[in-house]
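All remarks here apply to the structure that follows.
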Amino acid sequence: MRVATPRSAGVWTAVAVVIVASAAIAAQQDQPERFGFGRPATEAEIAAWDIDVTPDGTGLPPGGGTAVEGRSIYVEKCEICHGAHGEGRPFSQLVGREPRQGFPFGNQPSLVRTIGNYWPFAPTLYDYTFRTMPFDEPGTLEPDEVYALTAFLLYLNDIVAEDDVIDANTLPRVQMPARDKFVGDNRRGGRELR
Amino acid sequence: MLYSPDGIRAVRPKTSRNRGSPVPKQIDRLGDPVRRISRRAMLAGSAGAFGTATLPFGKAHARQQDRPNVPDDPTKVQGRDASELGTRSQFEQVRRSAGRSSSQTPHQDLDGIITPSDLHYERHHGGIPEIDPDRHSLLIHGMVERDTMFTVADLKRFPSRSVIHFMECSGNGGRSYRNRRTEDVTPQQVDGLTSTSEWTGVPLATLMREVGVDPEASWILAEGGDAAVMTRSIPMGKVMDDALIAYGQNGEALRPEQGYPIRLFLPGWEGSASVKWIRRIEVGDEAFMTREETSKYTDPLPDGTARQFSFTMDTKSIITFPAYPDTLPERGWWEMSGLAWSGRGRISRVEISTDGGQSWSDAELQGPVLPICHTRFRAAFNWQGDETVVLSRATDETGYVQPTLDELIAVRGIGTRYHHNHIRGCRIRPNGSTVFTVDA
Numbered sequence: 230m231r232v233a234t235p236r237s238a239g240v241w242t243a244v245a246v247v248i249v250a251s252a253a254i255a256a257q258q259d260q261p262e263r264f265g266f267g268r269p270a271t272e273a274e275i276a277a278w279d280i281d282v283t284p285d286g287t288g289l290p291p292g293g294g295t296a297v298e299g300r301s302i303y304v305e306k307c308e309i310c311h312g313a314h315g316e317g318r319p320f321s322q323l324v325g326r327e328p329r330q331g332f333p334f335g336n337q338p339s340l341v342r343t344i345g346n347y348w349p350f351a352p353t354l355y356d357y358t359f360r361t362m363p364f365d366e367p368g369t370l371e372p373d374e375v376y377a378l379t380a381f382l383l384y385l386n387d388i389v390a391e392d393d394v395i396d397a398n399t400l401p402r403v404q405m406p407a408r409d410k411f412v413g414d415n416r417r418g419g420r421e422l423r
Numbered sequence: 023m024l025y026s027p028d029g030i031r032a033v034r035p036k037t038s039r040n041r042g043s044p045v046p047k048q049i050d051r052l053g054d055p056v057r058r059i060s061r062r063a064m065l066a067g068s069a070g071a072f073g074t075a076t077l078p079f080g081k082a083h084a085r086q087q088d089r090p091n092v093p094d095d096p097t098k099v100q101g102r103d104a105s106e107l108g109t110r111s112q113f114e115q116v117r118r119s120a121g122r123s124s125s126q127t128p129h130q131d132l133d134g135i136i137t138p139s140d141l142h143y144e145r146h147h148g149g150i151p152e153i154d155p156d157r158h159s160l161l162i163h164g165m166v167e168r169d170t171m172f173t174v175a176d177l178k179r180f181p182s183r184s185v186i187h188f189m190e191c192s193g194n195g196g197r198s199y200r201n202r203r204t205e206d207v208t209p210q211q212v213d214g215l216t217s218t219s220e221w222t223g224v225p226l227a228t229l230m231r232e233v234g235v236d237p238e239a240s241w242i243l244a245e246g247g248d249a250a251v252m253t254r255s256i257p258m259g260k261v262m263d264d265a266l267i268a269y270g271q272n273g274e275a276l277r278p279e280q281g282y283p284i285r286l287f288l289p290g291w292e293g294s295a296s297v298k299w300i301r302r303i304e305v306g307d308e309a310f311m312t313r314e315e316t317s318k319y320t321d322p323l324p325d326g327t328a329r330q331f332s333f334t335m336d337t338k339s340i341i342t343f344p345a346y347p348d349t350l351p352e353r354g355w356w357e358m359s360g361l362a363w364s365g366r367g368r369i370s371r372v373e374i375s376t377d378g379g380q381s382w383s384d385a386e387l388q389g390p391v392l393p394i395c396h397t398r399f400r401a402a403f404n405w406q407g408d409e410t411v412v413l414s415r416a417t418d419e420t421g422y423v424q425p426t427l428d429e430l431i432a433v434r435g436i437g438t439r440y441h442h443n444h445i446r447g448c449r450i451r452p453n454g455s456t457v458f459t460v461d462a
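Listed in order, the protein sequences are those of chains H and D. Heads up, the first sequence stops at 423 in the working numbering, and the numbers go up one at a time, no gaps. Heads up, the second sequence stops at 462 in the working numbering, and the numbers go up one at a time, no gaps.
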């Protein structure tokens, strides 16, 4: 190895670069599995944000409601956007079971996708209503209100009876008409168009 | 060369393409963005013939009278002082076309591959929240060893990564799928829901190691801190492969409409899955089946099923010049330009046709050609005044070839609302005017 002389600034620079580069490589190799950043989340913090409800009912809170109870809440908070009977206008249509046979959405662009003909899981209705509705005051509905609204919308879609109690026990057991229509993505790139 | 009466060249000048693009109005609905051409744009489009060469450039005429006042000879006066914040030339009026819940990038006005941050398309499901970054945190919990709360400062302390990728809304191009007779639409109006940025952030895989993810975990739920509390399920494979918690865009902090202060970024996947304003990740072993991945963003197929979790954006290309409402003022050589991209990797080839798809030839790919990124292509063509259709067709490194509309409808059906990557282009009429087309 050549010994640099003090007169050669260029060589000193080169040596410095080698040293810095070696340090950088060492730093990369020493990168830990964990850095220790962040802090433990508290139970209360998790509970405040963990509002999702899954198809098996995980996440559904205590409480319940019926379509009869839901009707008055719907009239007060939902009807202005979704219509008196869930027919939509100005915003999404919520009610519709047609066509009763088949699932021809791929071939019929005019067919409106509703809770009754397209949603595969009933608990999703609770999840979405609770987290986003009503539009002008999102996330302000109480669990009992959401259960009642869920019951009312399922009733309008001819899926449950008007006096059925919808709660954490019954909602996951509601069979949605479109339950078995969904398939995974089989596109893989390459020549075959899917 | 044809000139309009006041001396403005009757074609969109290549160095200043922005002035003539009609700004579409938008009918806003919950769910899919619905766009409508403004009356102004329709007027412009209906009068694009040579005989009335003042239109669609009539707008330019009007502007001629109130053009910014600048010195006749800028070499004879001192220029203005430096400034803290740069702005575009007052002659450049590039704009997104915006409704309530989405806006489109004006691709006909842009060059290269990077979309200026303030022109990156938007799509929101509950508006743009205003968030103090010092009060924003990311919670990761569920099937992990340590439920952890990260501040934005914590996230920025991890080793970062910067990547350049496109992002596209899966509804992009839908208006040309549902109505194949649509003609008076600009690249912005048809395909403005795609943009490219440099994204900087921490790999989500790093955070998963940090919290000790359970080896049995297979999905995460990503949740936003907006009024929609937007939620999408993401498979763990993508999480560990190239998912990013991004805080930077094109060298600065994310724009509010892009998720400030932090967002999920999933290279090559439909934009709605890259949850903005992300505040919570729950790790689980099943998909969470949220409204946005059941009722919305699923693709009914002709066989009576509906495809779910169709995340990857297929290979696509668009021609940005010439395109409606451009008019070619004379015969001769012109350079076609456009963008191609694939959610699966690099663009390997773009072909162009100037005879409605009867014959194809390779366009030049302008570097850099990056994986999962807008790729600029160019091709010179000699227009001899015939009515003709120019089209582009992209191929990616997996061998996927951009299909025709008929080919796509055959496998997807006409009812699908997402993933509209069929071949498109423009019809050039003998008078030089152009209209959008998906047909040869």
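Using N, Cα and C, we set each Cβ at its ideal position, and we do this for glycine too. Just so you know, these numbers come straight off a predicted model, no measurement behind them.
If you look at D:A401, you'll find it in the beta strand (DSSP E) that goes 397-405. Contacts with chain D at 8 Å (Cβ-Cβ) include H:T353. Under the three-state reduction of DSSP output, D:H147 falls in the coil class, being neither helix nor strand. With a 10 Å radius around the Cβ and a threshold of 16 neighbouring Cβ atoms, D:E245 comes out buried.
D:G326 is not a Cβ neighbour of D:I340, given a cutoff of 8 Å. Annotation: D:H187 is outside any alpha helix (DSSP H); the continuous beta strand (DSSP E) that includes it extends over 183-190.
Using a Cβ distance threshold of 8 Å, D:Q210 and D:H158 do not count as a contacting pair. Per DSSP, H:W278 lies in no beta strand (DSSP E) segment; the continuous alpha helix (DSSP H) that holds it begins and ends at 272-278. By the Cβ-count criterion, H:F359 is buried, with 16 or more other Cβ atoms from all chains shown falling within 10 Å of its own Cβ.
Here D:L161 is buried. Its C-beta has 16 or more other C-beta atoms within 10 Å.
Residues of chain D with a Cβ closer than 7 Å to the Cβ of H:P284 are, in chain order, M311. When Cβ-Cβ separations below 8 Å define contact, H:R408 makes no contact with chain D. Among the bridge pairs identified by DSSP, D:R366 is matched with none.
Bounds of the alpha helix (DSSP H) holding D:Q211 are 209-213. A residue is called buried when at least 16 other Cβ atoms come within 10 angstroms of its Cβ; H:N398 does not meet this threshold and is exposed. A Cβ-Cβ contact shorter than 8 Å links D:W405 with D:R353. The beta carbons of D:R434 and D:L323 sit closer together than 8 Å. Fewer than three pairs of CB atoms, one per stretch, sit closer than 8 Å, so the stretch 270-280 of chain D makes no contact with the stretch 197-206 of chain D. Using beta-carbon distances, D:L350 does not count as an interface residue toward chain H, since no partner is under 8 Å.
Per DSSP, reduced to three states, the secondary structure at D:K338 is strand. At a cut-off of 8 Å between beta carbons, H:A380 makes no contact with chain D. A contact is defined here as three or more CB-CB pairs under 8 Å, and the stretch 217-226 of chain D meets this definition with respect to the stretch 249-267 of chain D. Rounded to whole angstroms, the gap between the alpha carbons of D:L392 and D:E386 is 15 Å. Identification of chain H residues near D:L243 by a Cβ-Cβ cut-off of 7 Å yields D281, ordered along the chain. Here the alpha carbon of D:Y346 sits roughly 13 Å from the alpha carbon of D:V460. Apart from the 5 residues on each side of it in sequence, D:L177 sits with its Cβ closer than 7 Å to the Cβ of L160, V224, I267, Y269, I284 in its chain, given in chain order.
Annotation for D:F287: the continuous beta strand (DSSP E) segment containing it runs 285-287. By the Cβ criterion, the stretch 340-348 of chain H is not in contact with the stretch 287-298 of chain H, since fewer than three pairs of Cβ atoms, one from each stretch, lie closer than 8 Å.
Assignment of D:L276 by DSSP, reduced to helix, strand and coil, places it in the coil class.
Using beta-carbon distances, H:T369 does not count as an interface residue toward chain D, since no partner is under 8 Å. Between the C-alpha atoms of H:F411 and H:L382 there is a straight-line separation of about 22 Å. Interface flag for H:Y357 against chain D is set, since a Cβ pair is found closer than 8 Å. For the pair H:Q260 and D:F180, the Cα-to-Cα distance works out to about 11 Å. Residue-level contact by beta carbon holds for H:P349 and chain D, with a gap shorter than 8 Å.
By the Cβ-count criterion, H:E305 is exposed, with fewer than 16 other Cβ atoms from all chains shown falling within 10 Å of its own Cβ. DSSP, reduced to helix, strand and coil, places H:C310 within a helical segment of the structure shown.
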